[in-house]
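Novice: If you're matching positions, the sequence shown starts at 1 in the numbering used here and goes up one per residue.
Where a beta carbon is used, it is the ideal one built from N, C-alpha and C, also for glycine.
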Amino acid sequence: MTVLPAADAPIPIFTTLQELYGSLMIAAKHAGRWNELVTEFETKFGCKPTYIARAPGRVNLIGTTSHSRYNVNAMLAHVTQLPIEHDILIACAPRSAVHHFRVF
Numbered sequence: 001m002t003v004l005p006a007a008d009a010p011i012p013i014f015t016t017l018q019e020l021y022g023s024l025m026i027a028a029k030h031a032g033r034w035n036e037l038v039t040e041f042e043t044k045f046g047c048k049p050t051y052i053a054r055a056p057g058r059v060n061l062i063g064t065t066s067h068s069r070y071n072v073n074a075m076l077a078h079v080t081q082l083p084i085e086h087d088i089l090i091a092c093a094p095r096s097a098v099h100h101f102r103v104f
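(1) State buried or exposed for F41, treating a residue as buried only when at least 16 other CB atoms are found within 10 Å of its CB.
(2) Alpha carbon to alpha carbon, what distance is there between N60 and W34?
(3) Near E85, what residues of its chain come up, given a Cβ to Cβ distance below 8 Å and the 5 sequence neighbours on each side ignored?
(4) Ordered along the chain, which non-local residues of its own chain (more than five positions away) have a Cβ less than 7 Å from that of Y51?
(5) Whole angstroms is fine: what's the gap from E19's alpha carbon to D87's?
(6) To which residues of the same chain is L17 closer than 7 Å at the C-beta, ignoring the five residues directly before and after it?
(7) As a quick exercise: from T43, P12, A9 and I62, pick the residue whose alpha carbon is nearest that of T80.
(8) Considering Cα atoms alone, identify which of I90, T43 and E36 is closest to A55.
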């Protein structure tokens, strides 16, 4: 199995929130945020966004076997990345006259 570096991996594109979040219940929980973003974008720029990008949240737990601390000298420190439900949403669309993107 070949594993691509993150920069070379294809960008996943989803067309429904259920497809993105993997669960109708979780999608319904986030639908209000997405709708609010679209409404705010449309109010500010006069059109709906062409794309909405999502950066999923995560936390890094850094520590050793006995305690957690930030210490450059701790050679046995372990980092664990854990996904969290919080995320960042970015809406964008090209301008009609010039093909630059508006970001909100």
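Specialist: Short version:
(1) Numbered from 1 along the sequence shown, position 41 holds the residue referred to as residue 41. Classification of F41: buried, given that the 10 Å Cβ count is 16 or more.
(2) Your numbering for residue 34 matches position 34 in the sequence shown. Your numbering for residue 60 matches position 60 in the sequence shown. Using only the alpha carbons, I get a separation of about 26 Å.
(3) Here residue 85 is taken as the residue at index 85 of the sequence shown, counted from 1. Excluding positions up to five away in sequence, the list reads I26 and G57.
(4) Sequence index remark: in the sequence shown, residue 51 carries index 51 (1-based). So the list reads C92, once near-sequence residues are dropped.
(5) Along the sequence shown, read from residue 1 onward, the residue named residue 19 stands at position 19. Along the sequence shown, read from residue 1 onward, the residue named residue 87 stands at position 87. Their backbone Cα atoms lie some 16 Å apart in a straight line.
(6) Indexing the sequence shown from 1 puts residue 17 at position 17. Result list for L17: A27, H30, A31 and W34, in chain order.
(7) Indexing the sequence shown from 1 puts residue 80 at position 80. When each option's Cα is compared against that of T80, the closest is I62.
(8) Taking the sequence shown and counting its residues from 1, one reaches residue 55 at position 55. When only C-alpha atoms are compared, the closest one is I90.
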